[in-house]
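> One structure, as structure tokens, below. Some questions next.
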Amino acid sequence: MRPGGAVPVEMAREGAVFPAAVPVDGPMKKAAPPRSWIMMDGAGKEAILEVDKYAIMHRVRIHARDLRILDPLLSYPSTILGRERAIVLNLEHIKAVITAEVVLLRDPLDENVIPIVEELRRCLPAAVASPRAQGEERENLTWQHDGEAAEEDESPFEFRALEVVLEGICCYLDARTMELEKDAYPALDELTSKINSRNLDRVRKLKSAMTRLTARVQK
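If you use our numbering, the sequence shown corresponds to residues 14 to 232, in order.
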């Protein structure tokens with residue numbers, strides 16, 4: 014046993030004395046867990062990715078500060094960022110990165126995200142496949158219809174994906190509005206016929222819910 018509880022030492026070759034390595038108790042800092050993403054391209058191919066933020070940053074070439082707004086554990090307002098190589102979207106439950114070749118959508122198994130995934134599956138491949146597959150068919154169409162089809166086909170991939178995402182979030186908020194209206198009108202009718210604390214409290218809560226929904230829409 015070393016007197017005085019001295020720290021063990023190791024002798025170097027030249028004779029110098031250095032403190033020996035002492036193990037440090039306590040939990041090691043854990044790396045951030047991987048997140049689930051779905052990657053979809055214009056050819057209809059898709060893949061589920063279980064990767065961390067660094068893999069996403071490397072794949073789509075965006076900065077960490079831009080990807081940080083997609084972290085569901087952090088509170089960021091609804092945002093659409095246009096970058097040189099990507100569009101970053103934080104819209105309620107929709108967390109996505111859109112490039113010229115692929116769409117990356119976070120948490121694809123979330124019940125509110127599934128409709129967006131299904132709509133992307135329906136819209137993106139059809140838009141890309143049309144120019145060559147329908148080449149002969151176009152020759153038999155009128156000039157007007159041919160011009161409209163050509164204009165639709167020339168839409169960039171990222172704009173078509175962005176349209177699906179924006180339409181999806183608008184439908185989601187519209188559904189929340191309809192749910193609120195369904196509760197609000199009967200409550201107002203009941204308050205009109207009978208004013209009491211119970212009906213007043215019910216209308217007050219509905220008004221608060223409407224205010225919160227309005228704030229979400231205006232972000």
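Ideal placement from N, C-alpha and C gives every residue a C-beta, glycine not left out.
(1) Short of 8 Å in beta carbon distance, which residues of its chain neighbour residue 127, apart from the five on each side in sequence? Order them along the chain.
(2) My parser needs the beta strand (DSSP E) runs of 3 or more residues fully inside the stretch 63–129; what are they?
(3) What are the boundary residues of the alpha helix (DSSP H) that residue 51 is part of?
(4) My understanding is that residue 98 touches residue 109, with C-beta atoms under 8 Å, so please give their C-beta distance in whole angstroms.
(5) Measuring only the C-alpha atoms, how far is residue 219 from residue 228?
(6) When burial is assigned at 16 or more other CB atoms within 10 Å of the CB, is residue 191 buried or exposed?
(7) For residue 73 and residue 115, what's the separation of their Cα atoms in angstroms?
(8) Quick check on the DSSP output: the alpha helix (DSSP H) that includes residue 210 runs from which residue to which?
(9) Measuring only the C-alpha atoms, how far is residue 103 from residue 69?
(10) Please state whether the Cβ-Cβ distance between residue 181 and residue 107 is less than 8 Å.
(11) Which residue marks the beginning of the alpha helix (DSSP H) containing residue 199, and which one marks its end?
(12) Measure the beta-carbon distance from residue 174 to residue 226 and round it to whole angstroms, keeping in mind my assumption that it falls under 8 Å.
(13) Would you kindly check if the distance between the Cβ of residue 201 and the Cβ of residue 178 is under 8 Å?
(14) Are the CB atoms of residue 84 and residue 101 nearer to each other than 8 Å?
(15) Applying the 10 Å Cβ sphere with the 16-neighbour rule, what's the burial state of residue 86?
(16) Going by DSSP, name the residue or residues bridged to residue 59.
According to the structure data:
(1) As a first step, residue 127 is located in the sequence shown; it is residue number 114 there, counting from the start. Within the same chain, residue 127 has close Cβ partners 121.
(2) 92–95, 100–104, 107–111, 115–119
(3) Taking the sequence shown and counting its residues from 1, the one referred to as residue 51 is at position 38. Per DSSP, residue 51 belongs to no alpha helix (DSSP H); it is in the beta strand (DSSP E), 48–54.
(4) Within the sequence shown, numbered from 1, the residue matching residue 98 stands at position 85. Within the sequence shown, numbered from 1, the residue matching residue 109 stands at position 96. Contact doesn't hold; Cβ gap of about 14 Å is too wide.
(5) What you label residue 219 is simply residue 206 of the sequence shown in a count that begins at 1. What you label residue 228 is simply residue 215 of the sequence shown in a count that begins at 1. Distance between the alpha carbons of residue 219 and residue 228: 14 Å.
(6) On the sequence shown, position 178 is the one that residue 191 refers to. Looking at its Cβ environment, which holds fewer than 16 other Cβ atoms inside 10 Å, residue 191 is exposed.
(7) In the sequence shown, residue 73 corresponds to position 60, counting from 1. In the sequence shown, residue 115 corresponds to position 102, counting from 1. About 9 Å.
(8) As a position in the sequence shown, residue 210 is number 197, starting the count at 1. Residues 210–231.
(9) Position 90 of the sequence shown holds residue 103. Position 56 of the sequence shown holds residue 69. Going by the C-alpha atoms only, they are around 15 Å apart.
(10) As a working mapping, residue 181 is identified with position 168 in the sequence shown. As a working mapping, residue 107 is identified with position 94 in the sequence shown. Yes, the pair counts as a contact, with Cβ atoms nearer than the cut-off.
(11) Within the sequence shown, numbered from 1, the residue matching residue 199 stands at position 186. Looking at the DSSP string, the run of the alpha helix (DSSP H) that includes residue 199 is 170–206.
(12) Mapped onto the sequence shown, residue 174 falls at position 161. Mapped onto the sequence shown, residue 226 falls at position 213. Not quite, the Cβ-Cβ distance comes to about 26 Å (not below 8 Å), so this is no contact.
(13) In the sequence shown, residue 178 corresponds to position 165, counting from 1. In the sequence shown, residue 201 corresponds to position 188, counting from 1. For residue 178 and residue 201, no; Cβs fall outside 8 Å.
(14) Within the sequence shown, numbered from 1, the residue matching residue 84 stands at position 71. Within the sequence shown, numbered from 1, the residue matching residue 101 stands at position 88. It is not a contact, given that the beta carbons lie outside the stated cut-off.
(15) Here residue 86 refers to the residue found at position 73 when the sequence shown is read from its first residue. Residue 86 should be labelled exposed.
(16) As a working mapping, residue 59 is identified with position 46 in the sequence shown. According to DSSP, which records beta bridges pairwise, residue 59 is partnered with 53.
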